[in-house]
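So the structure is just underneath, and the comments pick up after that.
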Amino acid sequence: MMLDQSLAARFAALTLGHLGQEYPHKLDHVLDGPDDAATPSALHPIFYGSFDWHSCVHGWWQVLTLARLFPDMPEAEAIRARADAMLTPENVAGELAYLARPSSGGFERPYGWAWALALHGEAARHADETGAPWGAALEPLARAFADRFRAFLPKLTYPIRTGTHGNSAFALTLAIDWARTHDPDLAALIETTARGWFSEDRDCQAWEPGGDEFLSSSLIEATLMSRLLGAAFPEWFDAFLPHLTEGRPATLFTPAHVSDRSDGKIAHLDGLNLSRAWCWRTIATALGDAHPVTPAACAAADAHITASLPHIADDYMGTHWLATFALLALTS
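Using the numbering used here, the letters of the sequence shown correspond one by one to residues 2 to 333.
Structure, rendered in structure tokens:
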């Protein structure tokens, strides 16, 4: 299963439909006083749509990526026009002002931080290819989040392994992809930190998924390590999940069942299926065609995509974010 222009246009249309949809909205917001009670668009001049801040950020990443991959699709013109209107220095200054609030130190840590870096990285690709101004406009915001990673990682003694927004490996996977191009010092810190957390992990039991998880704690860790270890990755992976050729842990090969897509937490499981597909495909590439796990990894990726791709528009609880994870899965 691969991404073509027809599917890309569908993703783009879905996401353009909610990037500017302010309500319903779930704020990540601490009030220091009565004057801090404000609407999402007053607090966040760019990222006020898509139900929550981080979904709006990665929605922007998604549509910019689609416009770059398929510049001639009809939706690409609308994406570029909206980016010209929204991704401006003035609006970025408003987002930075929010970060400067006394109680915003932990805002969107680390999931939103990582997606903000990914968004800037994608916008910078457009600058390199077409001269679009969005990367330059977003760079101060990316630098602000890079500084937060730089301050936070040395004091995070233990990684967060939950399969939701706090997951450390997912955030570092996106962050190192950005940092290797834009901030080599941060890339070095990420590599040192991740190796310290994960390099000795062995015989992962993969007790997953939890009932509201959208990330596989085991496979996203392996995905991060595939970024870091290069040719040494297969040896690490074989020790980390030593029974895959026997079909164990079976949980990693079995798509999650989603019982109620109108429940925002249960709908996370569609995201799990799509993010697992992304991880399986990434891992298979890192292992190479000759590795005995690769065929099963590719088959598992297809099974997970098949389970959830048809449902990305079933309910707004999924529609506001699932196309991003489908794009990861289909372009890995």
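Note that the Cβ used here is the ideal one computed from N, Cα and C, for glycine as well. Here the structure is a predicted model, which is why all the values come from computation and not from measurement.
- Contact between the stretch 60 to 70 and the stretch 311 to 329 is present: three or more C-beta pairs spanning the two stretches fall below 8 Å.
- Rounded to whole angstroms, the gap between the alpha carbons of Ala301 and Arg249 is 12 Å.
- Inter-segment contact for the stretch 237 to 251 and the stretch 171 to 185 is absent: fewer than three beta-carbon pairs are separated by less than 8 Å.
- It is roughly 17 Å from the alpha-carbon of Phe48 to the alpha-carbon of Val31.
- If you look at Ser333, you'll find it isn't in any alpha helix (DSSP H); DSSP assigns it neither H nor E.
- The alpha-carbon of Leu70 is positioned some 20 Å away from that of Ala117.
- Between Val64 and Thr16, the C-beta spacing is below 8 Å.
- Beyond the five residues adjoining it in sequence on each side, Ala304 comes within less than 7 Å, by CB distance, of Pro256 in the same chain, given in chain order.
- Looking at the backbone, the Cα of Ala138 and that of Ala145 are separated by about 13 Å.
- Distance check between His121 and each of Ala9, Trp179, Phe254 places Trp179 closest, using alpha-carbon atoms only.
- Excluding five sequence positions before and after Val259, the CB atoms of its chain that fall closer than 6 Å to its own CB belong to Leu270, Asp271, given in chain order.
- Under the three-state reduction of DSSP output, Leu20 falls in the coil class, being neither helix nor strand.
- Shown here for Leu97: same chain residues with a beta carbon closer than 8 Å to its own, the five before and five after excluded, namely Pro141, Leu142, Ala145 in chain order.
- Taking a C-beta distance under 8 Å as the contact criterion, Ala297 and Phe254 qualify as a contact pair.
- If one requires a minimum length of 4 residues, the alpha helix (DSSP H) runs lying completely within the stretch 236 to 321 are 269 to 288, 295 to 309, 317 to 320, in chain order.
- Under the 10 Å beta carbon count, Thr307 is surrounded by fewer than 16 other beta carbons and is classified as exposed.
- In this structure, the CA atom of Gly106 is about 10 Å from the CA atom of Phe153.
- In this structure, the alpha-carbon of Pro311 lies about 35 Å from that of Asp202.
- Residue environment for Met318: buried (at least 16 other C-beta atoms within 10 angstroms of its C-beta).
- Per DSSP, reduced to three states, the secondary structure at Asp213 is coil, with no helix or strand assignment.
- In the same chain as Arg228, and ignoring 5 residues on each side of it, the C-beta atoms closer than 8 Å to its own belong to Thr174, Ile177, Asp178, in chain order.
- Of the candidates Ser7, Ile267, Leu245, the residue whose Cα lies closest to the Cα of Ala285 is Leu245.
- In the three-state scheme derived from DSSP, where H, G and I count as helix and E and B as strand, Val64 is classed as helix.
- Looking only at Asn168, Leu4, Ala119, the smallest Cα-Cα distance to Phe215 is reached by Asn168.
- Between the alpha carbons of Phe52 and Pro134 lies a distance of about 26 Å.
- When the beta-carbon positions are compared, Trp114 and Arg151 stay at least 8 Å from each other.
- A buried status is given to Glu76, since no fewer than 16 other beta-carbon atoms sit within 10 Å of its beta-carbon.
- Within 10 angstroms of the beta-carbon of Tyr112 lie 16 or more other beta-carbons, which makes it buried.
- Relative to the Cα of Leu329, the nearest Cα in the group Asp213, Ser276, Thr295 belongs to Ser276.
- Apart from the 5 residues on each side of it in sequence, Ile191 sits with its Cβ closer than 8 Å to the Cβ of Phe150, Leu154, Leu173, Ala176, Ile177, Ala180 in its chain, given in chain order.
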